[in-house]
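Residue numbers (our numbering), protein chains in the order written: chain A, 628 to 729; chain B, 37 to 415; chain C, 39 to 250; chain D, 143 to 568; chain E, 21 to 210. These notes are about the structure you will find just below.
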Amino acid sequence: MMLQILLAISAALFALGLLAALTRRNAIMVLIGIELMLGAGNLNFISFWKFSAHPETITGVMFAIFSIAIAAAEAAVGLAIVIQVHRRLHSVDVNEANQLKG
Amino acid sequence: MSASSSNFFSGTADAGALEVSLGPHHPSTHGVFRMNVRMEGETVVKLQPVFGYLHRNHEKIAEKNSWLAAMPYTDRLDYICSGTNNWAYAVAVEKLAGIEVPERAEYLRVIVGEMTRLQNHTAFLGFILGDMGAWGSALMYAFREREKILDLFEELTGARMMLNYARFGGVRCDTPAGWLDKARAYLATYPAFLDEMEQFLTGNEILLSRLQGVGVLSAQRAINGGLSGPVLRASGVDYDIRKVDGYSIYPRLKFRVPRGEVGDCFDRFMLRLLEARESLKILQQALDQIPEGPVVNPAVKQRGFKPPAGEAYGRIEGPKGELGFHLVSNGTEKPYRYHVRPPSLINLTLLEEMCLGTKIADVMVILGSIDIVLGEVDR
Amino acid sequence: MNFPGSGIIKGMAVTALNIVGSYFDRAHAKRLITEQYPEERPKLAEASRSFPFLVFDGDDPEKGIRCVACKICEKECPPQCIYIVKDTDANGKPIMRPKVFDIDISVCMGCQICVESCPFESIRMDNIYEVSGYDRFAPLVLHKPQLLKSNAYYHGIRPTEAAATDARIEAARLRKEAAAKAAAAKVAAAKAAAAAKAAGEKAAETKPTQPE
Amino acid sequence: MNFFALLKDFLLQFLGLFKNLETLPVECMRLLREFLTKLGELCGITMPQWALDTVSALVLIVAILVTFLVLFALMSVFERKLLARAQNRYGPNRVGPFGLFQPVADGIKMLTKEDLVPRAADKVVHYLAPIVMVAPALMLPVFLPFGRGMVAVDLSVGILAFFALGAGTELAVFMAGWASNNKYSILGAMRAIAQMISYELPLVTSALVVALVAGTLSPTGIAEAQSGYFCGFLPKWFVCTPWGFAACVLFYIGALSESNRCPFDLPEGESEIIAGHLTEYSGFKYAIFFMAEYVGMFAVNGLLVTLFLGGYNAPFPFLEWVPTWCWFFIKLWAVALSMVWVRTTLPRFRIDQMMQFAWKFLLPMSFVTLLAAAAWYYAGQGPKAWMSPAAWSASALIVLLSYLLLGTFCFTRRHSATNRRYLFSE
Amino acid sequence: MHALFQKIAALPWDQLPQWLFLIPGLLMLLAAFAAVCLRNLIHSALCVVLSFICLGVLFMALGAEFVGFVQLLVYVGAVAMLILFAILLTPASEVQASNNPLSNFRLSSALHAAAGAAVSFLVLAGLLAAIAFSPRAANAELPAQPAAAPVALIGENLLTYTLLPLLGIAVLLTAALVGAALIAKEDSKS
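If you want it as structure tokens, here you go:
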């Protein structure tokens, strides 16, 4: 029963992240949406580890730690790209950046 | 200086530029002085000094009053060194009227003048550290020593800063009993303070990195800008009016004139320290050789003083630079034209050139290193 | 030894010396020079000046006032902050005493030119420094009664200068007396001479009438 | 057994506690918990177990809050008095005996001052900034061991938790700078964040060095690792080892810049930009920023004492009779007052020099201390390293060599007062 | 009124700690929802930071306090600052006429938003259905001895079992660091 509530919460968080990524026009909000989705994934890892039969093999926890590190690196690179896009096109509107040239 | 800042800000504000108006009500400008600074990020791109907030119409007042009445107003020109202001005005009037000054008066003038230079350089050491954010501990040490000189002035002339001491052809009053010994005793302790200040500051890495290489001024540029005083000598130009004109009894006294090589804020800072040591040497010699005799030329009538018609320009080496008075007399009781050459204002004209390309924190240090006093800049 | 960071340590040593010094230097000699103002009053130097005051001899201010209202100080004062009105006696003839003598101490800058230009040694510099008031104009104009202070007070604040002034006044008085005596003697001598001459002529007159 | 009998009984027990000073605080807490539970029973409400735990936790939290607010109040007076003594003046001595009631006066002044909010400011963020600043600062001291067995939250990841919560201050500074909506604030906020981020790395790395040698991340474990004495009377504090001294200096510099104190008080560089991100704050919000800065400073000092100065251990064997929690507060005050001493002497860094100092000198230096600590630990085979000369010489060599190398590269290569010549003319 | 008190007192107060983790969970969802809907960029960024904090607290509530603190340190300390700096450095003020025909109709952006919402709602429904009907999730209960992840275990595991990923992460982080710096560096041309 408790595990189902936890999974429901992380599913909701994932859906909100997806909503942000899909509907918002500003590139930064898309990145925020991705961060939320990654957070939801971590929540799932930890909850399954919490209710696993023998929790001393802490694979779930290790997975969460590594995914946090990767998410940080991804956020850094993503935002650097956003700044460069802004410098080129003077706007961060996702629809604008539709040409691959230059 | 037209304070029209409208054209300054109307420039197109491109992305990074940030216009900031530092002052007139600002913690570290020495008095009411404003700078419109345009910055890209932290570096200064354009700087327009705006002053005139302390203009009291000093020269017109002097032309309305009698010759003697202008003397107390010269105290308020550069209110930190009123001793040298009075002296410069007296020298100019004596050159205009051809008055002789007795020996003891010359010695007293040199003693008060060099003491004024000493306390001005001491105050400067304190101010520049306050600008860099040293929380005033060095400022308090400097003011502790300066207080003792001001106490000596109070015993001699009656006021700590507004001395009103020089008169045409001499000085107003003789030294009270025991004053010379007290002065000798105090000046004997002064080198210990300068050593403490030197040990306290010149080795300090943070201070070195904040002062060295900042606000560099080449000797040629300083001469063209008409600079004078420690700022000029810091850029390597050997020009000290005490040696050039040899006025008063300076040719008799043995002292040296330091000058720097690079001409940045650190050189100006060290110049003041070295000049303070030279002033100490002068004071020791003057205090030993002072003769007895009258303190003012009895032939001169102070009240209703009417110099012959004519024109004269008298100048001395003030702590901030060449302080000169240009006086025109038409034989009446009131000066026809009375003009002051303010060293602070003329040293200030090169401020923007020194500040371009530096950081906002450096602008404060460069302004501090020129050592301006707004009373003299605005008159 | 100037390894990196040694300058900072030397600077810290100076401040440490000051911190420790301030606790063990009770005699205020070198370091802790703050005066706790309301409790410790500042010891003013004898020559220190703030605002002028009028001197009067003896103990009655009105009779002993030295000022003769000659208005030289009013003319000489650079910021023109002295205002004098001459006194008139019963039937309107002006007499040599000020009826009104105001000094606006918010304008006065204590430059002591009035003391130098006063030929009658009647105005001197005081060293009071607590003259603030609760209004901008009225309390800052000192009228004659507030300005008048006795010569004894003057001796109190400036012993040497007061003694020198009294000596000068004494010498001037003696010189005047001597001059007066000399003048009186001269007048007496002139009268005597005149009398002698008159006596001589009378004698001559009487003598010529006898020989006819 | 009415209320007053209960009170009298507990007061007698309280007086009895003073016989053994060492365990005084712990016994007081226990006594207070018993008193509260008995009071609860008196009023007839039976509390489940978790409620009892929360009550005891609340008692601890209130105790820590009170101590740190008293420390903040005293520090604001002692800082001004020590600053004054260094500047040859007295410092506040008018309010109360020796000026000790000055914080009360300051507090009242701060509370009665009008709390301005600029019209164009972002009201919500402007209101939230002080809260986001002071909340983590007040949570930090929870992880510090005040005495043997006296730690509020004994986490095995205490050090990591400390830095995790410490990260909130940068966010608060940004919110304050952004919400005030004026030029000076944005400049100040940018400077503050750049400074905090670039100085957080040396801070965390030097804490890592101690974790490496002590083998644990929990503050009590580290404090225990520093108890005991080597060669007779010298305390086994980490600051006495070469790498420990270097790491302690780096941590000290990091602590100075983390709480925006003297050589690094660029954000409120009054001589340049008025009060940085605090320009638009006044009244109670400014008092909260002020409190957050001081409590944060005490917390970081507490960590420095725990990591390097042996937490609650006595410096010499013959001084062991002094209770352990006294040692912690004595050292805490020593480090705090030394920060004031630094404040009286050093001028402020310029922004680019500060960044250059952090990235080119502090960071490589902290990696070198990591290396030196490892050399010390493995050359001396673990805890026996305190006595083995090989360990000492290895780590000392590494630290000194790199210090001189980096020092010359960073500081004196370009600026040295000696290569300046001044000519004199007759 | 008295009955109300009785009913409250009868609630299973002693198992409350088990369900305490709901509070940060709900707060996180609320904050995430606010972040998505707010127009002002800075406000939504701050709401995201609030949801990261609540996620960290949730991890601690679930026993993995090391992950909770790492989450706090990494997201609140670093990623939040990155997002706020990015928002600051890209002033969205220059919204000039975009040359993309689709985006300048009021109607089209609303349509666009509705489509996105529909997709995410579908995904949510699918996930919830999977959770509700999976038998193992229904009757999963806490293991015998409580699951704890002490730092010593994590540290030892990092250097033995998951050594290769640790080195991989090291390389990846340095590459990301250098890459981000290079991309964001102001090239001389502009």
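The beta carbon of each residue, even a glycine, is placed where N, CA and C say it ideally should be. No experiment lies behind these values; they were computed from the predicted model shown.
The segment 418-436 of chain D and the segment 377-384 of chain D do not touch, with fewer than 3 CB-CB distances between them shorter than 8 Å.
In this structure, I673(A) sits near L82(E), with a CB-CB distance shorter than 8 Å. Neighbourhood of G136(E) in chain A, by CB distance below 7 Å: L646, L649 and T650, in chain order. With fewer than 16 other Cβ atoms from the protein chains shown falling within 10 Å of its own Cβ, L727(A) counts as exposed. Secondary structure of A232(C) (DSSP, three-state): helix. Bridge pairing for P294(B): F566(D) [DSSP]. Inclusion of L224(D) and I46(C) in the CB contact set at 8 Å is not warranted, their separation being larger than that value. Secondary structure within the segment 148-227 of chain D: the alpha helix (DSSP H) runs of 4 or more consecutive residues, fully enclosed, are 166-184 (chain order). Under the three-pair Cβ rule at 8 Å, the segment 424-434 of chain D does not count as touching the segment 505-517 of chain D. Distance from the CA of G59(B) to the CA of S64(E), rounded to the nearest whole angstrom, comes to 37 Å. In the DSSP annotation of this structure, the continuous segment of the beta strand (DSSP E) that includes F139(C) starts and ends at P132 to D142. Of the residues assessed, Y125(B) falls on the buried side of the cut-off, its CB having 16 or more other CB atoms within 10 angstroms. Using a Cβ-Cβ cut-off of 8 Å, M48(E) counts as an interface residue toward chain A, since at least one Cβ of chain A sits closer than that to its own. For the segment 152-215 of chain C, the full-length beta strand (DSSP E) segments reaching 3 residues or more read 161-163 and 186-188 along the chain.
By the Cβ-count criterion, S170(C) is exposed, with fewer than 16 other Cβ atoms from all chains shown falling within 10 Å of its own Cβ. Only residues of its own chain outside the window of five on either side were considered, and among them A356 have a CB closer than 7 Å to the CB of G363(D), listed in chain order. If you check each beta-carbon in the segment 68-91 of chain E against every beta-carbon of chain A, the ones closer than 8 Å belong to V68, S71, F72, L75, L78, F79, L82, G83, A84, F86, V87, V90 and Q91. Interface flag for P197(C) against chain B is unset, since no Cβ pair is found closer than 8 Å. When CB distances to chain D are screened at a threshold of 7 Å, the residues of the segment 73-103 of chain B falling below it are E78, in chain order. For the segment 214-236 of chain D, residues whose beta-carbon sits nearer than 8 Å to a beta-carbon of chain B comprise L225, A228, Q229, N230 and R231. When C-alpha distances from H362(B) are compared across E388(B), E130(B) and I116(B), the shortest belongs to E130(B). Within the segment 681-709 of chain A, no run of beta strand (DSSP E) reaches 3 residues while sitting entirely inside it.
Residues of chain D with a Cβ closer than 8 Å to the Cβ of I151(C) do not exist; the shortest Cβ-Cβ separation is about 37 Å. One thing to note: Y371(D) has its Cβ no nearer than 8 Å to the Cβ of R295(B).
One thing to note: F440(D) has its Cβ no nearer than 8 Å to the Cβ of L149(D). Taking a 10 Å sphere around the C-beta of W39(E), we find fewer than 16 other C-beta atoms and assign the residue as exposed. For the pair I406(B) and N383(B), the CB atoms are nearer than the 8 Å cut-off.
Under the three-state reduction of DSSP output, Q165(E) falls in the coil class, being neither helix nor strand. In the three-state reduction of the DSSP assignment, I339(D) falls in the helix class, which pools H, G and I. With respect to G49(C), T487(D) sits close: the two C-beta atoms are nearer than 8 Å. Flagged as an interface residue toward chain C: W483(D), by a C-beta distance shorter than 8 Å. Under DSSP, P377(D) takes part in a beta bridge, and its partners are Y371(D).
Shortest Cα-Cα distance from Q84(B) to any of L387(B), D231(B) and Y177(B) involves L387(B).
Listed along chain D, the residues sitting closer than 8 Å to M101(E) by beta-carbon distance are E312, L313, F316, I335 and I339. Look at the beta carbons and you see the segment 67-87 of chain E touching the segment 44-59 of chain E: at least three pairs across the two are nearer than 8 Å. Interface flag for T53(C) against chain D is set, since a Cβ pair is found closer than 8 Å.
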